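What follows is the structure, encoded as structure tokens:
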């Protein structure tokens, strides 16, 4: 039987050591996995983690994939710091994509620089409103936000399908369940010519800086910190638990919604049923791997994006199953939690005996 | 005469505070022995030593005439000593029987335990559905589970820590009946309490503790409640402080406040009436859990939906004002708990200063916190109030209790408030810091501030208050002059 005892002092270096050792252990794990699958493990690791970084295409794809992960994880980290467990970012992302995309379609074929900002605003507001549903239920009826936000994800995904199969279907699309392709005013500009890398990545970097400022310098960040430490102290400082719950869901839902509209007006360019591909869930790993710190989230977002691209490359070049990406991400979270437990608790083996 | 347990000269210190000073105690077979004292008198420390949780610094214990040095509670249980804590140690999600099984040695089978339990149930009238989940039980029933667990060990001595605090009067009656039956079979009961009426009714013998010393051995049936109270609370009033002048201006009026507590076992407030004047220090005494924290929240605005009665500050009703709106009007609050309420251990002192200041526009601009100004103010608190720490970036948890409390008190006083409402301002604080905190408060009162102190430390209140009242069961007594209140008055008001 294991015995866990809380450590009095937690080493400061654990902020770096925990994610690094989790990444290290995960690499060892997949290394062994590749051997068992009969593949050359060094080559496989090279193809997944190094090769994408050696080409312009790889780098630009990294930018494309990391953008939604970083933006969603920033929002999630805000709530996680406050002790609000929003697991439904995937749904908020889907709603943002749908409402933002629908806005662009509504103004087809009007052109103008105003269109994208309007679509973004609509997506942020609708993502935040969708996020508010579990928030209000938690505040008013003390429901579990983990369950409600997660289940609303499936509602959101089905709602997207219903819209794309129905009202938003492309009138000239031979009955395919897809919307019309967005016209030029509804498409985000590209940063590097000839690639898919779009300005959404710059928005993500801007948000990293903003979130860092919000958390370290602004009152909002202070109250979030208080809320994560002690609900009683929060009340004493003049803020209520419900205010923090609402704020967390608004920020998280808003950012997830923004990530959604960036994705549809960026690489996808239209509304399709397959917009939700799990970024909202992967972003949870990003948030924790980044230690809920904006800069950490930026780096973790890049790493997790790399696993998507590398996984695809390994599928093409080595015939490895695409599931390898999911396996790596899952194992990473597992080792991360283990490393966390190991730094926070002293673990020892004991005989099963009743002791006070 | 032989004694089952003899304790001789037990002393135990925590840092510079002597929690137990040369305590001796003898328990004889079949006796219900009261351990009487106020909070902090040293009762818990003593029983933790007997039960093997703490080790004494000096002194010795004899069990059945043989030396007894319990290594841990397991050892104590094997020697026939059982204990029921005030706070239950049960697994909420497990059934009653599973909880009981967990207390047994590995080789004891479920059937044996069931057998024993059915005997205990019949013998002592302790009926309880063994398959119920503990979480669904009432506090009184949970206590039954603890008692059953204790009885399964076939103990010779049972230590009960404030057992009636979770029982209603009807349950108390039954419980006493049970204890008397148990003692008639030769089991010794060490009964910890500060409820004098109960002790008179139940106990054969009482040892009264005050400030870690035994002040009296007696038969509680012979002594009156007033006499017991006098021993428990002490008589020596240290009137060395010079009190401030009170001006005849009402600063705060509390008129017939009523608050229904929605929490289970929470205390509701009613008939709370008092007024405080400029320069006055007003004390509210009472035993823990009689509505003090509720009253504190009502005064501070952490509860701000009082519909019945009124709270007037400078003549204006503030029932519905939030805590920060009250702070804006010149009120400050010092809650009882320094860890996680009034301050946060994981936060720097600067962040702890901000905790009660983020309504004051000096500390932020457009929502952005001015950390330079905050650091300056934090340094002022540290310097003016003698807070011993490395610097303003130190974590609150790195400070000693006394220094952190000086910081918390200083943080509020520095705002120059009209009124200070504090709860247990010197709880768990060393004597040096406690005296300093009293000085800070008295100084402030001399400069015209009004102070309300809610405290369980009656000596403290008699020392620094002008007037005081006692809160009991959510009701406030009539108001006494602190200089003329007697131990009898206090005991009677507490028992109401």
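Protein chains in written order, with this note's numbering: chain A, 1 to 356; chain B, 1001 to 1496.
Don't be surprised by glycine CBs; every beta carbon is placed ideally from N, CA and C.
This one's a predicted model, so the numbers in the text were calculated from it and none came from an experiment.
Annotation: residue 1045 of chain B is outside any beta strand (DSSP E); the continuous alpha helix (DSSP H) that includes it extends over 1043 to 1050. Residue 217 of chain A: member of the alpha helix (DSSP H) spanning 200 to 217, first to last residue. A Cβ of chain A is located within less than 7 Å of the beta carbon of residue 1355 of chain B. For the region 200 to 233 of chain A, the set of positions with a beta-carbon nearer than 8 Å to some beta-carbon of chain B reads 217, 218, 219, 220, 222, 223, 225, 226, 229, 230, 232, 233 in chain order. The region 1225 to 1235 of chain B and the region 1486 to 1494 of chain B touch, with three or more beta-carbon pairs separated by less than 8 Å. Runs of the alpha helix (DSSP H) lying entirely within the region 61 to 113 of chain A and spanning at least 4 residues, in chain order: 89 to 106. In the DSSP assignment, residue 1324 of chain B falls within the alpha helix (DSSP H) that extends over 1323 to 1328.
DSSP lists B:1475 as the bridge partner or partners of residue 1270 of chain B.
Membership of residue 1459 of chain B in the alpha helix (DSSP H) is indicated by the continuous run 1458 to 1464. Counting of Cβ neighbours within 10 angstroms places residue 1447 of chain B among the exposed residues, the total staying below 16. Of the residues B:1245, B:1183, B:1402, B:1006, the one whose Cα lies closest to the Cα of residue 1068 of chain B is B:1006. Around the C-beta of residue 123 of chain A, 16 or more other C-beta atoms lie within 10 Å, and the residue is accordingly described as buried. In this structure, DSSP gives residue 1063 of chain B an extended state, which the three-state scheme calls strand. The contact set of residue 237 of chain A on chain B, defined by CB atoms closer than 7 Å, consists of 1355, 1356, 1358 in chain order.
For residue 1100 of chain B and residue 1131 of chain B, the gap between their C-alpha atoms comes out near 11 Å. In the same chain as residue 1249 of chain B, and ignoring 5 residues on each side of it, the C-beta atoms closer than 7 Å to its own belong to 1277, 1278, in chain order. A direct Cα-Cα distance of roughly 17 Å separates residue 1315 of chain B from residue 1322 of chain B.
Not one beta carbon of chain A lies nearer than 7 Å to the beta carbon of residue 1227 of chain B.
The three-state secondary structure of residue 1210 of chain B, taken from DSSP, is strand. Bridge pairing for residue 1011 of chain B: B:1058 [DSSP]. Residue 23 of chain A places its beta carbon 7 Å or farther from that of residue 343 of chain A. Taking a C-beta distance under 7 Å as the contact criterion, residue 138 of chain A and residue 245 of chain A qualify as a contact pair.
In the DSSP secondary-structure assignment, residue 1453 of chain B is bridged to B:1283, B:1422. For residue 280 of chain A, the enclosing alpha helix (DSSP H) starts and ends at 279 to 289. Listed as beta-bridge partners of residue 1133 of chain B by DSSP are B:1095. Taking 7 Å as the CB threshold, residue 1341 of chain B lines the interface with chain A.
Of the residues assessed, residue 1292 of chain B falls on the buried side of the cut-off, its CB having 16 or more other CB atoms within 10 angstroms. In terms of CA proximity to residue 302 of chain A, A:201 leads the group A:126, A:27, A:201. The beta carbon of residue 1302 of chain B sits closer than 7 Å to some beta carbon of chain A.
Neighbours of residue 1364 of chain B across chain A, judged by C-beta separation under 7 Å: 219. With contacts defined as CB atoms closer than 7 Å, residue 1096 of chain B and residue 1172 of chain B fail to qualify as a contacting pair.
Between the alpha carbons of residue 1289 of chain B and residue 1375 of chain B lies a gap of roughly 37 Å. When secondary structure is reduced to three states using DSSP, residue 1218 of chain B falls in the strand class.
Distance from the Cα of residue 1476 of chain B is smallest, within the candidate group B:1268, B:1048, B:1372, for B:1268. Pairing residue 1274 of chain B with residue 1140 of chain B, the inter-Cα distance amounts to about 35 Å.
DSSP places residue 54 of chain A in the helix class (H, G or I) of the three-state scheme.
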